[in-house]
Amino acid sequence: MEALKTVSGVVAPLDRANVDTDAIIPKQFLKSIKRSGFGPNLFDEWRYLDHGEPGMDNSKRPLNPDFVLNDPRYRDARILLARDNFGCGSSREHAPWALRDYGFRVIIAPSFADIFFNNSFKNGLLPIVLEEEKVDDLFSRALGAEALILNVDLAAQTISGESVEMRFEIDPFRKHCLLEGLDDIGLTLQHVADIRTYEARRRREAPWLFE
Amino acid sequence: MAKTLYDKLWESHVVREDDDGTALLYIDRQLVHEVTSPQAFEGLRLAGREPWRVKANLATPDHNVPTTARGGVESISDPVSRLQVETLDRNCRDFGIPEFTMDDIRQGIVHVVGPEQGATLPGMTVVCGDSHTSTHGAFGALAFGIGTSEVEHVLATQCLIQKKSKSMLIRVDGKVGPGVTAKDIVLAIIGEIGTAGGTGHVIEFGGEAIRDLSMEGRMTVCNMTIEAGARAGIIGVDDKTIDYVRGRPFAPRAEQWNQAVAAWRTLHSDEGAMFDRVVTIDAATIAPQVTWGTSPEMVAPIDAQVPDPAAENDPVRAESMVRALIYMGLTPGTPLSEIVVDKVFIGSCTNSRIEDLRAAAAIVRGRQVAANVKQALVVPGSGLVKIQAEKEGLDAIFHEAGFEWREPGCSMCLAMNADRLEAGERCASTSNRNFEGRQGQGGRTHLVSPVMAAAAAVSGHFTDARTL
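If you're matching them up, the sequences are chains A and B in order. Here the numbering used here is used: the first sequence runs in plain steps of one and ends on residue 979. Here the numbering used here is used: the second sequence runs in plain steps of one and ends on residue 659.
Right, here's the structure in full:
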């Protein structure tokens, strides 16, 4: 996994609660057997005016001028600002893959859905939980005439920018993995002996689980 | 100290735990389908890893399969869908993972197949790259959906890195009235606590109304726990659980059966166990439910009207309601029973089991699908559910009424195959999500129980099934 230490970039404000993973990447794009190439179809139904299908030339499709990512202010955004319960619904990891492929490295919201939150960390995408008032403050700045540029420093757990100075909390284990770009499977396989010991005990207690 | 069911399930699966609470949790069963697994198998191959314990996995294609008359994988006409199912078949063959392929009578929706086969057992940890894995919690199993990276992690190590969630008890006290189903109970719960109400928690469902449910009803309730944002939903083991599991192909036999049953009898929360949060609901207040918006929490009883965003105090919620009503093409104040439907879908991992089909057929029998309903689909949850229904003559009842009787799969719940809504079409659906575009771009989904979907089909609009 690609490590994440600091991210600087434009903040795109997506002012909706309960953004679900069907909206982040619609089902027709889930037929791919790859991990990459989902970026052009991120938020497909909101971003384009026509119906998207895999294999289309997305550069020729009509854009929805009212959608935030099509606003010139937010071009090349790397930080997504969102509302409560971002990433709810389906467990599809295609959602963080699409956000990452588009160029996002950080998502800030008052709360995230559980599976999406987990999936993000596995893909070098940092979901930051901030209090509602701080998110409101960032929304009002990001919606201004000038794009809001923020710097996120994972090691220091800070978000900074012009007259913005905020601290965020993060689980220490997840922080460590993201800073170092550690592969979870590799970490777990350091404990092979523990897994074998557990299995041997469990096999005695509940043999039917190993039939 | 008195323990919750969740405490017991968690503790019996911890392989090791760090001081900060990060634990390695052992996974007993992984269910696999075609959409969220190809990249996981690819990851294994690239790293030169083998599955830790192949027999702990069970695979079947479900999301992409056509539900019209079909043969094997070669009968999928969409080449992109076909490649995904072929990839699952090849991965299972290459790694030795048991799979019910498209031409196997046992194929179906993973969350119907697992319990049906006895591959889901009480006391297990069960995972799948699908959020509705929460279904299996009905058996007193800790079951939750994971992403593809975690599918690969389980394949490679039989474990997951987890932290313990908080615990919530939702107690549904008393008895529901006649004609009120498991689906109405869970929709009413989501309406009460909201789609993020369970975030960070494992929810245990208890109370008389939950105990009164059959195992299939309990699966419907646990299935939609994810729609309340919870990590998992669980229900304690009782005689119904054990009777359901007995004799199923993957269930233990002979002496091991007795040993297993003795262990399973302990799978309930102890008297006096403490929960981080307790919610109580009076079952008698629950009426048949219909969603009116684009989130499962946007739900109301059938005798209510479409709500008015102007009456909502929270500005973010009011804005969501306005957006939802525009998308759904609805006006505040309209009685739900006056909303006319274009299509009806009876199926999905929430409501495609035999009892669901029996309940819907009992409403449909001797009636006709209303003239304004363009399509009414029944999609059984598995090949075995379909055969059982046909033995009972349910297919004939649906056919005679004007329903289409299909082959098993996820179908119009998420519209990855050809079954979908066109823009602007309104559907009474027994599935689990009414998100924008879920059943097809621009499609309008109303979530209901199987009897309410059947009642909408024969009436042409939503109607209280209890009055038919």
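We put the beta carbon where it would ideally sit given N, CA and C, even for glycine.
* Which chain A residues are close to arginine 207 (chain B), counting only those with a beta carbon under 7 Å from its beta carbon? -> Those are His959 and Asp962, listed as they occur along chain A.
* **Residues of its chain near proline 526 (chain B), where Cβ-Cβ distance is below 7 Å and the 5 sequence neighbours each way are ignored** => Gln496
* Asked: In or out: isoleucine 517 (chain B) buried (at least 16 other Cβ within 10 Å) or exposed?
  -> exposed
* **Residues sharing a beta bridge with tryptophan 620 (chain B), DSSP** => It should be noted that the sequence gives serine, not tryptophan, for residue 620 (chain B). DSSP, once it has assigned bridges, lists B:Phe536 and B:Leu638 as partnering serine 620 (chain B).
* To do: Evaluate the contact criterion for the segment 258–278 of chain B versus the segment 606–618 of chain B: three or more CB pairs, one atom per stretch, below 8 Å.
  => They touch, by the three-pair rule.
* Report the residues of the segment 770–796 of chain A with a CB closer than 9 Å to any CB of chain B, ordered along the chain. => Asp783, Arg784, Ala785, Asn786, Asp788, Thr789, Asp790, Ala791, Pro794, Lys795 and Gln796
* **Beta-carbon proximity of histidine 224 (chain B) to alanine 250 (chain B), cut-off 8 Å** => yes
* Asked: Who are aspartate 788 (chain A)'s beta bridge partners in DSSP?
  -> A:Cys856
* To do: Tell whether a beta-carbon distance below 8 Å holds between tyrosine 842 (chain A) and leucine 831 (chain A).
  => no
* Asked: For threonine 712 (chain B), which option in B:Ile337, B:Ile394 and B:Val412 has the closest C-alpha, if you only look at C-alpha atoms?
  -> No information on residue 712 (chain B) is available, as it lies outside the stretch 192 to 659 that chain B covers here.
* Determine the burial state of arginine 629 (chain B): buried for a count of at least 16 other Cβ atoms within 10 Å of its Cβ, exposed for fewer. => By the 10 Å Cβ count, arginine 629 (chain B) comes out buried.
* Asked: Where DSSP assigns a beta bridge to glutamine 496 (chain B), which residues make up the other side?
  -> B:Pro526
* **Positions along the segment 846–859 of chain A whose CB lies within less than 7 Å of some CB in chain B** => Arg851, Asp852, Asn853, Cys856, Gly857, Ser858 and Ser859
* To do: Flag proline 242 (chain B) as yes if its beta-carbon sits less than 8 Å from any beta-carbon of chain A, otherwise no.
  => no
* Asked: Three-state secondary structure (DSSP) at proline 487 (chain B)?
  -> coil
* Would you verify that the beta carbon of glutamine 559 (chain B) is, or is not, closer than 8 Å to some beta carbon of chain A? => no
* **Interface flag, glutamine 447 (chain B) vs chain A, CB-CB below 8 Å** => yes
* Considering only the beta carbon of each residue, do glycine 234 (chain B) and glutamate 343 (chain B) sit closer than 8 Å? -> Yes. Within cutoff.
* For alanine 454 (chain B), which residues in chain A fall below 7 Å Cβ to Cβ? -> Ala974
* Taking Cβ-Cβ distances shorter than 7 Å, what residues in chain B pair up with serine 908 (chain A)? -> Within chain B, no residue comes near serine 908 (chain A); the closest Cβ sits about 13 Å away, beyond 7 Å.
* Can a CB atom of chain B be found closer than 8 Å to the CB of asparagine 886 (chain A)? -> yes
* Asked: Does the distance from the CB of tryptophan 455 (chain B) to the CB of threonine 348 (chain B) come in under 8 Å?
  -> no
* Asked: What does DSSP give as the partner residues of alanine 214 (chain B) in its beta bridges?
  -> B:Glu208 and B:Gln353
* Closer than 7 Å at the beta carbon, the chain B residues around phenylalanine 941 (chain A) -> Asp211 and Thr213
* Asked: Contact between the segment 457–469 of chain B and the segment 962–979 of chain A: three or more CB pairs below 8 Å?
  -> As far as the Cβ criterion goes, the segment 457–469 of chain B does not touch the segment 962–979 of chain A, which means the pair count is below three.
* Thinking just about the alpha-carbon of each residue, which of B:His204, B:Leu237 and B:Thr522 is nearest to the one in lysine 354 (chain B)? -> B:His204
* Asked: If you run the structure through DSSP and keep just helix, strand and coil, what is alanine 644 (chain B)?
  -> helix
* Would you call the CB atoms of valine 304 (chain B) and arginine 297 (chain B) closer than 8 Å? -> yes
* Determine the burial state of lysine 828 (chain A): buried for a count of at least 16 other Cβ atoms within 10 Å of its Cβ, exposed for fewer. => exposed
* Asked: Taking the alpha helix (DSSP H) that glutamate 395 (chain B) falls in, what are its first and last residues?
  -> That residue, glutamate 395 (chain B), is in no alpha helix (DSSP H); its beta strand (DSSP E) goes 392–397.
* **alanine 648 (chain B) vs valine 570 (chain B) beta-carbon contact at 8 Å** => no
* Asked: Taking a cut of 9 Å between CB atoms, which residues from the segment 302–313 of chain B lie near chain A?
  -> Against chain A - using a Cβ distance shorter than 9 Å - the residues of the segment 302–313 of chain B are Leu312.
* From the DSSP output, in three-state form, read off cysteine 319 (chain B) for me. => strand
* Would you tell me roughly how many angstroms separate the C-alpha atoms of histidine 959 (chain A) and arginine 942 (chain A), rounded to the nearest one? => Whole-angstrom Cα-Cα distance: 18 Å.
* Which one of B:Ala387, B:Arg220 and B:Gly427 has the shortest CA to CA distance from methionine 406 (chain B)? -> Selected option, being the one with the closest Cα: B:Gly427.
* Opening and closing residue of the beta strand (DSSP E) in which glutamine 480 (chain B) lies -> 480–482
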